[in-house]
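Engineer:
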Amino acid sequence: MSFMQPSPVKYACSCGILNPINKLFFCRHCPKLRCGYCVCTEIESHFCSNCLENIPSSEARHKKNCCANCFDCPCCQHTLSARAANVPVVRKSEETKEGESKESPAAAGTPPATASSKPSAIPTTKKIYYLSCLSCRWTTRDVGIPDQGVASGTWPENECLYQARFNTLVDYYQSIVLQEKQEKLEFMRRKAPKQHKFPSLTDRTGLTVSLIRRQIGWHEKSIPKAKAISIPPAEATADVGSLPEDIFTEPLNLRNITTIAQRHGQPGDQPTAVSNLYPQRRSLWIKRSLRCRQCEHNLIKPEYHPTSIKYRIQLFASYHVPEVLMVRCEQPLQPGKANAILLKLSNPTMYDMTIRILSALPPEEALISPEAFQQACKIKEEVVTSSPLVRNTGLTLSRQNSTREVKREVEDVSNAEIVPLESEFVLSQRDDSKEFDEDVQLPTEEPKFIVWRKGNKVLIRLQFTPADELPPNTDVMLGFFMQYTYVNTVSNASDKKEPTTHALHSRIFINAGAIEKAN
Amino acid sequence: MPIYESVMQEKPPIVLDIGNAYTKLGFAGEAYPRKIMPTEVVLTTTGNTKRLFDYEQKDELYDQIIDFLQTIFFKHLLVSPKERKFVVVENIFGRTVIRETLARALFVHFDVSSVLFVPAHLIALSTLAVATAVVVDIGYSETSIMPVFSGVQIMSAFKDQSYGGSAIHAEIKRQLLETGVKESLLTESVLEDIKVRTCFVTTMDRAHSRSRGDENQPKPPPSVDYIICDNDTMVEVPGLLRETVYEIMFEPNNERDSLPHLILRSILNCTLDVRKPLVESVFLIGGGSMVQGLLPRLQQELQHLLTNDPYYAERFHD
Numbered sequence: 001m002s003f004m005q006p007s008p009v010k011y012a013c014s015c016g017i018l019n020p021i022n023k024l025f026f027c028r029h030c031p032k033l034r035c036g037y038c039v040c041t042e043i044e045s046h047f048c049s050n051c052l053e054n055i056p057s058s059e060a061r062h063k064k065n066c067c068a069n070c071f072d073c074p075c076c077q078h079t080l081s082a083r084a085a086n087v088p089v090v091r092k093s094e095e096t097k098e099g100e101s102k103e104s105p106a107a108a109g110t111p112p113a114t115a116s117s118k119p120s121a122i123p124t125t126k127k128i129y130y131l132s133c134l135s136c137r138w139t140t141r142d143v144g145i146p147d148q149g150v151a152s153g154t155w156p157e158n159e160c161l162y163q164a165r166f167n168t169l170v171d172y173y174q175s176i177v178l179q180e181k182q183e184k185l186e187f188m189r190r191k192a193p194k195q196h197k198f199p200s201l202t203d204r205t206g207l208t209v210s211l212i213r214r215q216i217g218w219h220e221k222s223i224p225k226a227k228a229i230s231i232p233p234a235e236a237t238a239d240v241g242s243l244p245e246d247i248f249t250e251p252l253n254l255r256n257i258t259t260i261a262q263r264h265g266q267p268g269d270q271p272t273a274v275s276n277l278y279p280q281r282r283s284l285w286i287k288r289s290l291r292c293r294q295c296e297h298n299l300i301k302p303e304y305h306p307t308s309i310k311y312r313i314q315l316f317a318s319y320h321v322p323e324v325l326m327v328r329c330e331q332p333l334q335p336g337k338a339n340a341i342l343l344k345l346s347n348p349t350m351y352d353m354t355i356r357i358l359s360a361l362p363p364e365e366a367l368i369s370p371e372a373f374q375q376a377c378k379i380k381e382e383v384v385t386s387s388p389l390v391r392n393t394g395l396t397l398s399r400q401n402s403t404r405e406v407k408r409e410v411e412d413v414s415n416a417e418i419v420p421l422e423s424e425f426v427l428s429q430r431d432d433s434k435e436f437d438e439d440v441q442l443p444t445e446e447p448k449f450i451v452w453r454k455g456n457k458v459l460i461r462l463q464f465t466p467a468d469e470l471p472p473n474t475d476v477m478l479g480f481f482m483q484y485t486y487v488n489t490v491s492n493a494s495d496k497k498e499p500t501t502h503a504l505h506s507r508i509f510i511n512a513g514a515i516e517k518a519n
Numbered sequence: 001m002p003i004y005e006s007v008m009q010e011k012p013p014i015v016l017d018i019g020n021a022y023t024k025l026g027f028a029g030e031a032y033p034r035k036i037m038p039t040e041v042v043l044t045t046t047g048n049t050k051r052l053f054d055y056e057q058k059d060e061l062y063d064q065i066i067d068f069l070q071t072i073f074f075k076h077l078l079v080s081p082k083e084r085k086f087v088v089v090e091n092i093f094g095r096t097v098i099r100e101t102l103a104r105a106l107f108v109h110f111d112v113s114s115v116l117f118v119p120a121h122l123i124a125l126s127t128l129a130v131a132t133a134v135v136v137d138i139g140y141s142e143t144s145i146m147p148v149f150s151g152v153q154i155m156s157a158f159k160d161q162s163y164g165g166s167a168i169h170a171e172i173k174r175q176l177l178e179t180g181v182k183e184s185l186l187t188e189s190v191l192e193d194i195k196v197r198t199c200f201v202t203t204m205d206r207a208h209s210r211s212r213g214d215e216n217q218p219k220p221p222p223s224v225d226y227i228i229c230d231n232d233t234m235v236e237v238p239g240l241l242r243e244t245v246y247e248i249m250f251e252p253n254n255e256r257d258s259l260p261h262l263i264l265r266s267i268l269n270c271t272l273d274v275r276k277p278l279v280e281s282v283f284l285i286g287g288g289s290m291v292q293g294l295l296p297r298l299q300q301e302l303q304h305l306l307t308n309d310p311y312y313a314e315r316f317h318d
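Just so you know, the sequences run in chain order A and B. Just so we're aligned, residue 1 is where the first sequence starts under the UniProt record's numbering, counting upward by one. Just so we're aligned, residue 1 is where the second sequence starts under the UniProt record's numbering, counting upward by one.
(1) Any heavy atom of the ligand GTP closer than 8 Å to the Cβ of S150 (chain B)?
(2) Per the DSSP calculation, L459 (chain A) is bridged to which residue(s)?
(3) Helix, strand or coil: how does DSSP classify R214 (chain A) here?
(4) For I248 (chain B), which of helix, strand or coil comes out of DSSP?
(5) Counting only beta-carbon separations shorter than 9 Å, does A273 (chain A) have a partner in chain B?
(6) What is the rounded straight-line gap between the Cα of S223 (chain B) and the Cα of T249 (chain A)?
(7) For A234 (chain A), decide whether its Cβ has a neighbour in chain B, counting only Cβ atoms nearer than 9 Å.
(8) Nearest-angstrom Cα distance between K219 (chain B) and L295 (chain B)?
(9) Can you give the Cα-Cα distance for D214 (chain B) and L284 (chain A), rounded to whole angstroms?
(10) Closer than 8 Å, Cβ to any Cβ of chain B: which residues of the segment 146-164 of chain A, in chain order?
(11) Please check if any C-beta of chain B sits within less than 9 Å of the C-beta of E186 (chain A).
(12) At a cut of 8 Å, does the segment 451-467 of chain A reach the segment 341-349 of chain A through at least three beta carbon pairs?
(13) When Cβ atoms are compared, which residues of the segment 465-483 of chain A fall closer than 8 Å to chain B?
(14) Can you find a CB in chain B that lies within less than 9 Å of the CB of P279 (chain A)?
(15) In whole angstroms, what is the alpha-carbon distance linking P238 (chain B) and R174 (chain B)?
(16) What's the gap between the Cα of L240 (chain B) and the Cα of M477 (chain A)?
(17) Out of A:V143, A:I229, A:A151 and A:W155, state which residue places its alpha-carbon closest to the alpha-carbon of T168 (chain A).
(18) From which residue to which residue does the alpha helix (DSSP H) around F316 (chain B) run?
(19) Just verifying my parser: in three-state terms, what is the DSSP assignment at H46 (chain A)?
(20) If we ignore side chains and look at the alpha-carbon of each, how far apart do C13 (chain A) and T96 (chain B) end up?
(21) Which residues, in chain order, does the segment 239-251 of chain A contribute to contact with chain B at a C-beta distance below 8 Å?
(22) Output needed for S423 (chain A): all residues of its chain with C-beta closer than 7 Å, excluding positions within five of it in sequence on either side, in chain order.
(23) Just by C-beta distance, which residues in the segment 78-90 of chain B are closer than 8 Å to chain A?
(24) Which chain B residues are close to I231 (chain A), counting only those with a beta carbon under 7 Å from its beta carbon?
(25) Using three-state DSSP, classify A103 (chain B) as helix, strand or coil.
(26) Taking a contact to mean a Cβ-Cβ separation below 9 Å, would you say F449 (chain A) touches L470 (chain A) in this structure?
(27) Taking only beta-carbon atoms, is T259 (chain A) less than 9 Å away from chain B?
(28) Note down the Cα distance separating L185 (chain B) from S266 (chain B), rounded to an integer number of angstroms.
(29) For the segment 199-212 of chain B against the segment 263-283 of chain A, are there 3 or more C-beta pairs whose distance is under 8 Å?
(30) Among the residues of its own chain, which have a CB less than 7 Å from the CB of P33 (chain B), if the five just before and after it don't count?
(31) Below 9 Å on C-beta distance, what does Y55 (chain B) contact in chain A?
(32) Flag K173 (chain B) as yes if its beta-carbon sits less than 9 Å from any beta-carbon of chain A, otherwise no.
(33) If we count the other Cβ atoms within 10 Å of its Cβ and call it buried at 16 or more, is R137 (chain A) buried or exposed?
(34) How should A238 (chain A) be labelled, buried or exposed, when 16 other C-beta atoms within 10 angstroms of its C-beta is the threshold for buried?
(35) Which residue from B:F53, B:V15 and B:A313 puts its Cα closest to that of H76 (chain B)?
(36) Report yes if the C-beta distance between L252 (chain A) and P252 (chain B) is below 9 Å; otherwise report no.
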């Protein structure tokens, strides 16, 4: 399999999109091919890609999806590293601790080399830290952020300039929403008819609760009404500043002006001057798990820990579906001229497969088995939906979701006629130990389209004819159906213990190459 | 208060503002967007980047929008869109196809619980707690003007013209090509960078004396040596270019469709009683409005037109 080039062999996913096999998944419960488009993505865990620390989702939400310790360079978006420097501190015996801490930021500005020990005091050094970009040499000292005493120090947050005003705006709009809701509630309460069987005494006498309360001398009992907070509106100003005069005379130094990417990296204030750039908190990454849209089973579930690249559930198609590799065409491709292609098929599963290559959709009875299997899966599916209410209605939530996305027709891009293989053949199971065995091929009777066979791999010869009127340099696409038997080991229903065998089919398109120029 | 708390405890809605050049995204209740990113998709088949709204078929747009939203949710916002609320800021006269396709992608593919479309001009005013203003949006593909009175958009007075960021890019490209710069160097990102970092809007006096063709033309600002890193070459950006590219917004012509004319005409399209409050507050939004010198120039131009142009003078000073 070539990772650098797009694969010439494409499988049609059950949603109708063509993909190479390494981008496909295989849902064992459906059982069908799934691609990135027809799965549901879920967020498994948040982590920082720099310090590889796992961050719980509530904390991630609170920290605005940023790592607490790692920073990115505001100039080049590279990761900043904390650098340590030794700063000499003149420690006099009578000096208080306060004086010392005051002195250290001032000393930070001077390069450490100049400050050799002074004769009058005992020379001690103090470690201070600053952030530096190893890629573009930007440091926190450039913009005047004071150095810190601890490596993972408390770097200043660049607060938004308008945060206070924004908070009052939010309060204002929230109070409006609140008032509206309360008034609606009040209205509904007043409109609702009283649920009394007998007319109450107070109704007849006109003696209401509030009246009695007033007569007794109590306070009026009423819910304090929510009042909208008044907010001073922004005022239009006639003073819009003016263009600085020196813009016409002073040469422009591009190094001091931020690029648009740098401005957008700091969306809060979008500074135009480089001196206003601040270290940016590094945004987190996620691990995602994929779920089949149809049956809501997990297809991919990564391991929780950020340092692990393994999966707990991995249903990649290349572990379940026979892989087709294009080896070569026997002759140069000419329009309308019979040709043959060599294909290498390999069986990734632990069970023998029977494979047929067909030019048209297999007959109806072969198609039934997936649906029948789904029936068997029904029991499991109902367990997935937890709510008993939903289960009683006989309507599972998963069903609802699946019907939403429109299924597409597979776009038939083939422009060559293939000759289907006359018989089916067996592809033996994958056995890693066999790879090292001596090649003792028993002289067996093979169908004549099989060129070579070893272990779980077989090389077949498939005859085809490109369409007649193909202009030179157009790609010849072969399309065929591959029917294979798949042994499903997943046992959903409790009564079925032994694995079931299904005949599945995949539609495969192969880009055989371009038509040669006619001589 | 129970209602208040329930409002606060809900997951904040996701806010999307998908512009022609840049997309702003974040969560409701935060002071600024989480991320500003180019409105581009990387095609999975070829690996090329492509503008989101470049498409030939409707299906193509749908797939691109899904790819784009997928990156937004799982690369930037890091939240699952399922059963979330959405606020989409949109151009009120935007294409229906895009709005419908976006809604379909959100509801069908991502299973969101609700989508609220809000018009960009109106919602911009909510940040000011002001109900009446002329909102001028200088965007990438167009400049549009919408008067808003008491929180209601006056649709009949809506005006738009095609001078936005892309027109400025084209003007920079034209002027640079004239000076003999190779066209292959001037990619869209280079033009944008030249625009953002070197260009400004000049004062009215200088612009007028230039357009009149006076004998003693004002001396152009110093030119800038601009380095194009990708090609290891240097381009000289002439001072004249820096000063004059934004003039396409202020060009006087018989159509009377330069930016100050457009604002005044838009106000004149409103009824008499709302003109006074409208003319008192003009609100500029959009990336194009952040350029240095635009605000003072616009103020000068508007005041100049109101006093010297008989058409406006007689209608505004009654």
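In this text, a Cβ means the ideal position worked out from N, Cα and C, and glycines have one as well.
Structural biologist: Concretely, from the data shown:
(1) You won't find the ligand GTP in this model; it holds no ligand whatsoever.
(2) Within the first sequence, residue 459 (chain A) is the residue found at index 459, counting from 1. Paired residue(s): A:K344 and A:W452.
(3) As a first step, residue 214 (chain A) is located in the first sequence; it is residue number 214 there, counting from the start. Here R214 (chain A) sits in helix by DSSP.
(4) By 1-based counting over the second sequence, the position of residue 248 (chain B) is 248. The answer is helix: DSSP assigns I248 (chain B) an H, G or I state.
(5) Position 273 of the first sequence, counted from the first residue, corresponds to residue 273 (chain A). Cβ-Cβ to chain B under 9 Å: no for A273 (chain A).
(6) Locating residue 223 (chain B) in the second sequence gives position 223, counting from the first residue. Locating residue 249 (chain A) in the first sequence gives position 249, counting from the first residue. Straight-line spacing of the CA atoms in S223 (chain B) and T249 (chain A) works out to 10 Å.
(7) By one-based count along the first sequence, residue 234 (chain A) stands at place 234. So, interface residue.
(8) Locating residue 219 (chain B) in the second sequence gives position 219, where the first residue counts as 1. Locating residue 295 (chain B) in the second sequence gives position 295, where the first residue counts as 1. K219 (chain B) and L295 (chain B): Cα-Cα distance of roughly 22 Å.
(9) As a working mapping, residue 214 (chain B) is identified with position 214 in the second sequence. As a working mapping, residue 284 (chain A) is identified with position 284 in the first sequence. In a straight line, the C-alpha of D214 (chain B) is about 59 Å away from that of L284 (chain A).
(10) Within the segment 146-164 of chain A, the residues whose Cβ lies closer than 8 Å to some Cβ of chain B are C160, Y162 and Q163, listed in chain order.
(11) The sequence position of residue 186 (chain A) within the first sequence is 186, counting from 1. Closer than 9 Å: no.
(12) With the cut-off at 8 Å, the segment 451-467 of chain A and the segment 341-349 of chain A touch.
(13) Taking 8 Å as the Cβ-Cβ cut-off against chain B, none of the residues of the segment 465-483 of chain A qualify.
(14) As a first step, residue 279 (chain A) must be located in the first sequence, where it is residue number 279. No, P279 (chain A) does not count as interfacial toward chain B.
(15) The residue given as residue 238 (chain B) occupies position 238 in the second sequence. The residue given as residue 174 (chain B) occupies position 174 in the second sequence. When rounded, the distance between both Cα atoms is 13 Å.
(16) As a working mapping, residue 240 (chain B) is identified with position 240 in the second sequence. As a working mapping, residue 477 (chain A) is identified with position 477 in the first sequence. Roughly 56 Å between the two C-alpha positions.
(17) The residue labelled residue 168 (chain A) in the question sits at position 168 within the first sequence. Of the candidates A:V143, A:I229, A:A151 and A:W155, the one whose C-alpha sits nearest the C-alpha of T168 (chain A) is A:I229.
(18) The residue given as residue 316 (chain B) occupies position 316 in the second sequence. Unbroken alpha helix (DSSP H) run through F316 (chain B): P310 to F316.
(19) The residue labelled residue 46 (chain A) in the question sits at position 46 within the first sequence. Here H46 (chain A) sits in strand by DSSP.
(20) Indexing the first sequence from 1 puts residue 13 (chain A) at position 13. Indexing the second sequence from 1 puts residue 96 (chain B) at position 96. One C-alpha to the other measures close to 31 Å.
(21) Within the segment 239-251 of chain A, the qualifying residues are V240, G241, S242, L243, I247, F248, T249, E250 and P251.
(22) Your numbering for residue 423 (chain A) matches position 423 in the first sequence. Counting only Cβ-Cβ distances below 7 Å, and skipping sequence neighbours, we find P447.
(23) Of all residues in the segment 78-90 of chain B, L78, V79, S80 and K82 have a Cβ within less than 8 Å of some Cβ in chain A.
(24) Here residue 231 (chain A) corresponds to residue number 231 of the first sequence, with the count starting at 1. Near I231 (chain A) (Cβ distances below 7 Å), the residues of chain B are A129.
(25) Translated into positions along the second sequence, residue 103 (chain B) becomes position 103. A103 (chain B): helix per DSSP, three-state reduction.
(26) Walking along the first sequence from the start, residue 449 (chain A) turns up at place 449. Walking along the first sequence from the start, residue 470 (chain A) turns up at place 470. No, the Cβ-Cβ distance between F449 (chain A) and L470 (chain A) is not below 9 Å.
(27) If you number the first sequence from 1, residue 259 (chain A) lands on position 259. At least one beta carbon of chain B lies nearer than 9 Å to the beta carbon of T259 (chain A).
(28) In the second sequence, the residue the question calls residue 185 (chain B) occupies position 185. In the second sequence, the residue the question calls residue 266 (chain B) occupies position 266. When rounded, the separation of the alpha-carbon atoms in L185 (chain B) and S266 (chain B) is 40 Å.
(29) Using a Cβ-Cβ distance cut-off of 8 Å, the segment 199-212 of chain B and the segment 263-283 of chain A are not in contact, since fewer than three pairs of beta carbons, one from each stretch, lie closer than that value.
(30) As a first step, residue 33 (chain B) must be located in the second sequence, where it is residue number 33. Leaving aside the five residues that flank P33 (chain B) on each side, the residues in its chain whose CB is nearer than 7 Å to its CB run, in chain order, K24, L25 and G26.
(31) Counting from 1 along the second sequence, the entry for residue 55 (chain B) is found at position 55. Taking the beta carbon of Y55 (chain B) as reference, no residue of chain A falls within 9 Å; the closest one sits roughly 17 Å away.
(32) For the purposes of this step, residue 173 (chain B) is taken as residue 173 along the second sequence, with counting starting at 1. With 9 Å as the cut-off, K173 (chain B) does not count as an interface residue toward chain A.
(33) As a working note, residue 137 (chain A) is residue 137 in the first sequence. It counts as exposed.
(34) To locate residue 238 (chain A), count along the first sequence from 1; it is residue 238. Exposed, by the Cβ-count rule.
(35) Within the second sequence, the letter at position 76 stands for residue 76 (chain B). The option with the nearest alpha carbon to H76 (chain B) is B:V15.
(36) If you number the first sequence from 1, residue 252 (chain A) lands on position 252. If you number the second sequence from 1, residue 252 (chain B) lands on position 252. Against a cut-off of 9 Å, the Cβ pair of P252 (chain B) and L252 (chain A) comes out as no contact.
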